[in-house]
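**Student:**
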Amino acid sequence: MLRWLATAVIALLFALDLGLPYTPLGRRGPEALVRSDVAITGVSVGAPAPDLELRTLEGQPLSLAEFRGHPLLVTFERSVDW
Amino acid sequence: MNALTAYRILCGFVGVTFALSGLGCLGGFFASLAPGGELPGPIPLGVGGAYFLAFTGCALVGWGGSLIGAARQPRTHRTVGTATAFALVLMAMYRIAAWFFGDYAFLGNILRVEAGGMLLFALAFVWLRPPAVQEG
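Quick look at the structure:
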């Protein structure tokens, strides 16, 4: 009886492992961050950068428009906060 | 091959794998102590991560030793396999949750594959467990 119960639990986990969609609740994952905070498409090379607003590490809003008229270097890299 | 032999092979294989992995984790901790020591791998480790890596390594060595003992005397050490199956299911559960909630999206499908493998091994431990010996 316990053996079959364990098998049922394992089978359920197998189904979850194979059937769950990819990070549907991922509010903190890097892809979700891009989707929710930087919803910009269709930017062409050479065109002015569209304004966007992000949060600083302290949680304060930061707008790209604040840097208008000043040289600005934007880099993109993976950041993992452990 | 009968079920008992398969169970002993399973315990021995998983036990040796765990013990060697544990020694590797412990060695990784000491390697990280070297000046400029940065451990390779998909997950970047800081000093906290290296500390828990060493903790995990020690636990894996002990766990692997228990499984090797179960491989030598499977009927009297059968609860080791049961506890191992339970722990494997728990490890699969947290991997599925970690993958699902997206915090470890940079690992891709590694977590899912690991979880699937652990569930398979758990299933083997459940179904190959030898019957209890009569005491007295």
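Residue numbers (our numbering), protein chains in the order written: chain S, 19 to 100; chain C, 944 to 1079. Idealized CB from N, CA, C, for every residue including glycine.
Taking just the CA atoms, how far does residue 992(C) sit from residue 36(S)?
**Tutor:** Working through the first sequence from its first residue, we reach residue 36(S) at position 18. Working through the second sequence from its first residue, we reach residue 992(C) at position 49. Roughly 29 Å between the two C-alpha positions.
**Student:** Report the three-state DSSP secondary structure of residue 996(C) (helix, strand or coil).
**Tutor:** In the second sequence, residue 996(C) corresponds to position 53, counting from 1. Residue 996(C): helix per DSSP, three-state reduction.
**Student:** Just grab the DSSP bridge partners of residue 81(S) for me.
**Tutor:** Indexing the first sequence from 1 puts residue 81(S) at position 63. DSSP, once it has assigned bridges, lists 71(S) as partnering residue 81(S).
**Student:** Around the C-beta of residue 31(S), are 16 or more other C-beta atoms found within 10 angstroms, so that it is buried, or is it exposed?
**Tutor:** Within the first sequence, the letter at position 13 stands for residue 31(S). Buried: at least 16 other Cβ atoms inside 10 Å.
**Student:** Give the interface partners of residue 32(S) over in chain C, defined as CB-CB distance under 8 Å, in chain order.
**Tutor:** If you number the first sequence from 1, residue 32(S) lands on position 14. Under the 8 Å cutoff, chain C gives 1059, 1062.
**Student:** Assign residue 980(C) to buried or exposed, taking buried as 16 or more other Cβ atoms, counted over all protein chains shown, within 10 Å of its Cβ.
**Tutor:** By one-based count along the second sequence, residue 980(C) stands at place 37. Exposed: under 16 other Cβ atoms inside 10 Å.
**Student:** Rounded to the nearest angstrom, what separates residue 963(C) and residue 1007(C) at their Cα positions?
**Tutor:** To locate residue 963(C), count along the second sequence from 1; it is residue 20. To locate residue 1007(C), count along the second sequence from 1; it is residue 64. Roughly 8 Å separates the two Cα atoms.
**Student:** Under three-state DSSP, which class holds residue 957(C)?
**Tutor:** Counting from one through the second sequence, the residue named residue 957(C) turns up at place 14. If DSSP states are grouped into helix, strand and coil, residue 957(C) belongs with the helices.
**Student:** Tell me whether residue 93(S) sits in a helix, a strand or coil according to DSSP, three-state version.
**Tutor:** If you number the first sequence from 1, residue 93(S) lands on position 75. Three-state DSSP puts residue 93(S) in coil, outside helix and strand.
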